[in-house]
Amino acid sequence: MKHFVGLGKLLMLTVASTMLFFSISTVKANADSWWKYPSGWYLWSDSSKRWKTGWEYENGNWYYLDPNRQGQMTTGSTIIPIYNNFYNYYFDSAGHMKTGWANDNGRWLYLHPDGRFTYGWVYDKGIWYFVYPEMKTGWLGNLQTGWLGKAYPGSTSWYYLNPSNGHMSIGWQKISGSWYYFNGSGLTAIGWQYINGQWYYFNDDATMKTGWQQYGNDSWYYLGSSGAMLRNTLVDYSWLGNDGRSTLIK
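First residue of the sequence shown? That's 0 in the working numbering, and the numbers climb one at a time after it.
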């Protein structure tokens with residue numbers, strides 16, 4: 000049961016412990032019951048005759064009643080101490096602890112099944128995402144989109160996360176007018192790559208190359224408009240052999 004109490008029925012008492020108690024003598028609850036005050040929601044325990052604090056499980060949902068706020072129901076992202084560690088959680092406007100994906104004012108978060116914030120790579124329903132850690136008031140997660148840094152120090156390969164949904168790209172992708180290829184691990188292809196029975200060449204910036212391409216000091220190859228290396232054909236008076244290498248016809 001939920002009750003609403005106006006300002007006129009909210010009394011603040013100062014005691015030695017500086018704890019705040021609220022007078023609700025006009026209404027009595029027969030069991031645990033929710034009470035709405037101007038500052039937020041609180042849960043009254045009829046058995047102990049006090050406001051409940053800490054974690055509370057009710058009707059399939061977890062709530063957190065902040066001990067530092069006299070048991071006020073928590074909403075939004077918050078840091079909760081557990082066994083000398085501090086963890087971020089997210090609670091919706093009804094106070095329900097969220098798991099999985101949650102949207103916090105336009106920022107997508109991913110939360111463990113136990114409610115804790117997740118950072119780094121997240122694998123969900125067959126798709127990889129990256130949740131970037133941000134330090135504000137505690138570590139917060141934020142779904143990354145677009146280009147994501149190099150795979151490891153010294154690597155020339157990058158990841159690309161779909162701007163509309165954060166999905167890690169795999170396979171062929173056209174980005175800002177250029178073609179890229181991402182392997183099964185999501186990394187950009189660099190240099191010569193054999194893909195689906197065809198040879199392709201990718202620049203150091205991972206863009207797919209077309210046209211004439213030199214390899215070594217004296218070997219030239221021709222990459223068609225699709226990027227695939229041509230073989231056994233004539234291009235610009237040069238014969239491309241079975242290995243794709245050109246031979247000038249005189």
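Glycine residues also receive a C-beta, built at the ideal position from the N, C-alpha and C atoms.
Which runs of the beta strand (DSSP E) fall wholly inside the segment 60-118 and span at least 3 residues, in chain order? 60-65, 75-81, 84-90, 99-103 and 106-110
Within the chosen definition, does the segment 182-190 reach the segment 221-236 through at least 3 CB pairs nearer than 8 Å? no
Rounding to the nearest angstrom, what Cα-Cα distance links ILE194 and ARG115 in this structure? 40 Å
The beta strand (DSSP E) that contains TYR236, what's its start and end? No beta strand (DSSP E) contains TYR236, which DSSP labels as neither H nor E.
In the DSSP assignment, find the unbroken beta strand (DSSP E) run with LEU229 in it and report its ends. Element bounds for LEU229: n/a, residue is neither H nor E.
DSSP beta-bridge partners of GLN212: TYR220
Anticipated Cβ contact below 8 Å, MET228 with TRP198, distance rounded: 4 Å
Option in VAL130, ALA30 and ASN164 with minimal Cα separation from GLY148: VAL130
Verify whether the separation of the beta carbon atoms of ALA101 and TYR88 is less than 8 Å. Contact check for ALA101 against TYR88 fails: the beta carbons are separated by 8 Å or more.
Through-space distance from TYR82 to TYR62, alpha-carbon basis: Using only the alpha carbons, I get a separation of about 18 Å.
At the level of alpha carbons, what is the spacing between TRP171 and HIS111? Spanning the two alpha carbons is a distance of roughly 31 Å.
Those residues which DSSP pairs with THR187 across a bridge: PHE181
Distance check for TYR200 and SER245, CA to CA, integer angstroms please. 16 Å
Proximal residues to ALA30 (C-beta, below 7 Å), its chain only, five neighbours per side dropped: ASP45
DSSP-derived helix/strand/coil call for SER245: strand
Is LEU142 closer than 8 Å to TRP107 when the C-beta atoms are compared? yes
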